[in-house]
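Asks: In our numbering, the protein residues as written are 17 to 380.
1) Go to residue 147, then tell me how far its beta strand (DSSP E) extends in each direction, as first and last residue.
2) How about residue 7 and residue 189: are their beta carbons less than 9 angstroms apart?
3) Tell me the rounded alpha-carbon separation between residue 129 and residue 104.
4) Go to residue 215, then tell me how far its alpha helix (DSSP H) extends in each direction, as first and last residue.
5) If we ignore side chains and look at the alpha-carbon of each, how far apart do residue 187 and residue 172 end up?
6) Let me make sure I understand the geometry here. Which of 59, 332, 333 has the alpha-carbon closest to that of residue 195?
7) Do residue 117 and the ligand FMN come close, with the Cβ less than 8 angstroms from some heavy atom?
8) Who are residue 352's beta bridge partners in DSSP?
9) List, from N- to C-terminal side, the beta strand (DSSP E) runs of 3 residues or more that fit wholly inside the region 92-147.
10) What residue from 228, 132, 367 has the CA that sits closest to residue 143's CA?
11) For residue 1, write down the residues that DSSP places opposite it in a beta bridge.
12) Would you check if the distance between the CB atom of residue 228 and the CB atom of residue 322 is smaller than 9 angstroms?
13) Below 6 angstroms CB to CB, which residues in the same chain sit around residue 328 once its five sequence neighbours on both sides are set aside?
14) Give me, in chain order, the residues of the same chain whose beta-carbon lies closer than 6 angstroms to that of residue 56; leave out the 5 immediate sequence neighbours on both sides.
15) Residue 82: buried (16+ other C-beta within 10 angstroms of its C-beta) or exposed?
16) Quickly, what does DSSP pair residue 192 with across the bridge? List them, please.
17) Is residue 233 helix, strand or coil by DSSP?
18) What are the start and end residues of the beta strand (DSSP E) that includes residue 80?
19) Answer with buried or exposed for residue 352, where buried requires no fewer than 16 other C-beta atoms within 10 angstroms of its C-beta.
20) Taking DSSP's pairing of strands, which residues face residue 244 in a bridge?
21) Relative to the alpha-carbon of residue 54, which residue among 330, 80, 92 has its alpha-carbon at the smallest distance?
22) Per DSSP, residue 251 forms a beta bridge with which residues?
23) Within this structure, are the beta carbons of residue 217 and residue 334 separated by less than 9 angstroms?
24) What does the alpha-carbon distance come out to for the pair residue 165 and residue 153?
25) At the level of alpha carbons, what is the spacing between residue 374 and residue 354?
26) Would you kindly report the start and end of the unbroken alpha helix (DSSP H) that includes residue 330?
27) So what's residue 155 in DSSP terms, helix, strand or just coil?
28) So, is residue 72 buried or exposed, given that buried needs 16 or more other C-beta atoms within 10 angstroms?
29) So is residue 376 buried or exposed if we call it buried at 16+ other beta carbons inside 10 Å?
30) On a Cα-Cα basis, can you pick out the residue from 167, 219, 206 that is closest to residue 62?
31) For residue 115, is the classification buried or exposed, using 16 other Cβ atoms within 10 angstroms of its Cβ as the cut-off for buried?
32) How would you write the range of the alpha helix (DSSP H) that residue 367 sits in, first residue to last?
33) If you reduce the DSSP assignment to three classes, tell me which class residue 175 lands in.
34) So, for residue 206: in the same chain, excluding its five sequence neighbours on each side, which residues have a beta-carbon less than 6 angstroms away from its beta-carbon?
35) Name the residue from 176, 80, 252 whose alpha carbon lies nearest to the alpha carbon of residue 199.
36) Please report how far the alpha carbon of residue 78 lies from the alpha carbon of residue 316, in whole angstroms.
Encoded structure:
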């Protein structure tokens, strides 16, 4: 069912039915019995279980990093907590809608877009699409810039934009911390990027495991009612480096089916299932480089291949991280423009830049 709506001139008002949380860790340490708090699980990563990890370099990796750890929550339970949160009872979206303004269709939020409508059509009648929105960004957490964390956050597309993006309402929750694997000793090792990507996808696979099998999940939702929900990856916001980790391929290959087929083909070429088996592993690595450098990828199993398609199509869900890929590019362009002005105008360059800045400062 697709409803017809008129675009709102202003955000919906809300009633604060629930006291907002402090930061996640403060809440966890202060009150483990809190109804809306979910525990974190820490899992040590056994490198022998990581598909495509370069096993012959395992010892060298462990000597530098030790055994990596993943800290995460159960994504299904966390999504249910957000879906059933009493603060959002009156505003949670259960179905898509066509929104119009002055007789013309507008796309004001995810629920009014074509994505939700298309998925609703292929879902069983009476089911609610539980739209999962993920975001991750590795960040420095100490003043000396030496320590970093790599959090993943979860929010729901069912929660309207003005609620899920408002800090005080906590419509966004911490889902996991991925292991940060950086070293000045190993970046030039050819196997190191492959090792990092392999661990990365293994960890994502653990986080997403509750949704690995397609099914209709009975989920507690608004007003504590139980709904038949089909989880689907609505969006994944990440910076450019993480795009490379996730996609691992060029634009013409960016569908889950094509990438998985290419992975299997690559393994056949490298390990002899479609030809003579390589006796020397070094020769296999060279062959790997020849084949996959052409298409800018490492031959690694993508964690999203094991999730139900098309509901978890990563390549349709990845979004540009505005802060890094737009805001960052904008800053680089300004710096480049400053340099060009200085190079082309010599001593007059500084006065020209000052005049441009003065003019810009007068823009309302």
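Note that the Cβ used here is the ideal one computed from N, Cα and C, for glycine as well.
Replies: This is what the structure gives:
1) It spans 144-152 - the beta strand (DSSP E) in which residue 147 sits, taken as one unbroken run.
2) For the chain, the structure presents residues 17 to 380; residue 7 sits outside this window and is missing.
3) Rounded to whole angstroms, the separation of the alpha carbons of residue 104 and residue 129 is 21 angstroms.
4) Membership of residue 215 in the alpha helix (DSSP H) is indicated by the continuous run 208-224.
5) Cα atoms of residue 187 and residue 172: separation of roughly 8 angstroms, rounded to the nearest angstrom.
6) It is 59.
7) This structure does not include the ligand FMN; it has no bound ligands of any sort.
8) Partner(s): none; residue 352 has no beta bridge.
9) Fully enclosed beta strand (DSSP E) runs of 3 or longer: 113-117, 120-122.
10) Answer by Cα proximity: 132.
11) Nothing about residue 1 can be reported from this structure: the residues present for the chain run from 17 to 380 only.
12) In this structure, residue 322 lies closer than 9 angstroms to residue 228 by Cβ.
13) Closer than 6 angstroms at the Cβ level, and outside the excluded window around residue 328, lie 249, 320.
14) Here the set comprises 87, 89.
15) It is exposed - the Cβ of residue 82 has fewer than 16 other Cβ atoms within 10 Å.
16) BP columns for residue 192 point to 88, 168.
17) DSSP, reduced to helix, strand and coil, places residue 233 within a strand of the structure shown.
18) Not the beta strand (DSSP E): residue 80 falls in the alpha helix (DSSP H), residues 74-81.
19) Counting every other CB atom within 10 Å of its CB across the protein chains shown gives residue 352 a total below 16, marking it as exposed.
20) Answer by DSSP bridge pairing, in chain order: 234.
21) The shortest C-alpha separation from residue 54 is found at 92.
22) Assignment of beta-bridge partners to residue 251 by DSSP yields 149.
23) No, Cβ-Cβ distance for residue 217 and residue 334 is not below 9 angstroms.
24) Cα-Cα distance, rounded: 9 angstroms.
25) Approximately 14 angstroms between the Cα atoms of the pair.
26) Counting along the chain, the unbroken alpha helix (DSSP H) around residue 330 starts and ends at 330-333.
27) Here residue 155 sits in strand by DSSP.
28) The residue in question, residue 72, is exposed, as its Cβ has fewer than 16 Cβ neighbours within 10 Å.
29) Label assigned to residue 376: exposed.
30) Put simply, of 167, 219, 206 the residue whose alpha carbon is nearest the alpha carbon of residue 62 is 219.
31) The C-beta of residue 115 has 16 or more other C-beta atoms within 10 Å across all chains shown, which makes the residue buried.
32) Residues 365-377.
33) If DSSP states are grouped into helix, strand and coil, residue 175 belongs with coil.
34) Excluding its 5 nearest sequence neighbours in each direction, residue 206 has no C-beta neighbour in its own chain below 6 angstroms.
35) Looking at the Cα atoms, 80 is the closest of the given residues.
36) A straight line joining the alpha-carbon of residue 78 with that of residue 316 spans about 20 angstroms.
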